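Chemist: Residue numbers (this note's numbering): 430 to 705. Even for Gly, the Cβ is constructed at its ideal location relative to N, Cα and C. None of the values given here were measured: they were computed from a predicted structure.
1) If residue 559 and residue 699 are in contact, beta carbons under 8 Å, what's the gap, nearest whole angstrom?
2) State yes or no: is the C-beta of residue 611 within less than 8 Å of the C-beta of residue 569?
3) Give the single residue among 672, 662, 677 whose Cα lies nearest to the Cα of residue 690.
4) Across which residues does DSSP place residue 526 in a beta bridge pair?
5) Please look up how many angstroms separate the CB atoms of residue 534 and residue 442, rounded, as I've assumed it's under 8 Å.
6) How many Å lie between residue 474 and residue 572 at the Cα?
7) Determine the extent of the alpha helix (DSSP H) in which residue 499 is found, giving its start and end residues.
8) On the CB-based measure, 16 or more other CB atoms within 10 Å of its CB, does residue 486 come out buried or exposed?
9) Got a sec? Which residues, its chain only, sit under 6 Å from residue 453 by beta carbon, not counting five neighbours each side?
10) Quick one: any contact between the stretch 512-530 and the stretch 540-560, if contact means 3 or more CB pairs under 8 Å?
11) Using the Cα positions of residue 668 and residue 589, report the straight-line distance between them to the nearest angstrom.
12) Quick one: give me the first and last residue of the beta strand (DSSP E) that residue 468 is part of.
13) For residue 544, which of helix, strand or coil comes out of DSSP?
14) May I have the straight-line CA-CA distance separating residue 671 from residue 665, to the nearest angstrom?
15) Which same chain residues, not among the five before or five after residue 692, have their C-beta less than 6 Å away from its C-beta?
16) Over the uninterrupted alpha helix (DSSP H) stretch that includes residue 666, give me the two end residues.
17) Tell me, please, whether the stretch 504-516 touches the stretch 585-604 by the rule of three or more beta-carbon pairs shorter than 8 Å.
18) Figure out for me which residue from 702, 576, 449 has the closest Cα to the Cα of residue 477.
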């Protein structure tokens with residue numbers, strides 16, 4: 430593929446016996462067998478053998494050992510996660526397992542130097558604030574969370590803080606980003622990780638991604654102990670954000686004093702902030 434296309438690629442998607450495609454620069458693109466971007470009818474097809482080999486490698490040769498995370502829609506890998514979907518089996522209204530994986534989505538994670546600088550400057554001027562970062566999927570929320578959390582832990586432009594990451598899907602902290610300066614609880618539901626960090630590590634700041642209604646009670650409790658939360662969730666705009674019942678509860682409880690909306694224009698990362 431052209432180097433410029435590779436540089437701005439955010440996601441690589443494989444479908445069993447279906448088209449191979451990438452998401453780059455805010456666009457869904459289809460490469461042909463020579464790596465040229467083409468019309469969908471000429472796009473490269475992923476064979477069943479290639480797809481199964483991909484899943485086998487992602488699971489390090491043992492798909493069974495990843496049943497629990499696959500049931501929740503992902504496979505953890507050293508540099509983030511592979512999202513999966515397919516034929517699901519439910520029981521009592523809950524997902525029991527995915528009996529056959531038919532699609533894999535590989536996120537391309539990036540570290541952007543000083544990406545969180547504007548937020549750090551607000552903290553420096555006005556004091557640390559609980560912060561909620563929001564945008565539609567794939568805009569760079571996790572990249573901003575990672576940047577702000579590590580800048581706080583390192584004390585870049587601000588005094589160093591004790592930072593804990595509740596990294597449920599093992600994609601906020603990558604192998605080459607922590608460098609032993611933050612505490613990371615990974616691979617378990619966020620509300621459990623937040624509880625454990627609060628109870629055992631006396632953090633000043635807790636970072637967690639894509640908060641859900643199940644996390645609400647523990648997040649409110651942690652705020653009540655004096656911990657500052659920096660979290661993310663999916664929403665197109667502030668109106669949509671405030672329409673989510675669990676977000677409304679967290680805002681009413683005073684968990685957040687700063688909102689940050691992430692945006693992407695022509696593949697360039699950016700965000701706007703609002704002090705509440």
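Modeler: Let me spell this out:
1) The pair is not a contact, with the Cβ atoms about 22 Å apart (cut-off 8 Å).
2) no
3) 662
4) 518
5) 5 Å
6) 31 Å
7) 496-500
8) exposed
9) 434, 437, 438
10) Segments in contact, no.
11) 34 Å
12) Counting along the chain, residue 468 falls outside any beta strand (DSSP E), and DSSP gives it neither H nor E.
13) Residue 544 falls in the coil class under three-state DSSP.
14) 11 Å
15) Cβ-Cβ distances below 6 Å link residue 692 to 699 in the same chain, with the five nearest sequence neighbours on each side left out; the list follows chain order.
16) Going by DSSP, residue 666 is part of no alpha helix (DSSP H) at all; its letter is neither H nor E.
17) yes
18) 449
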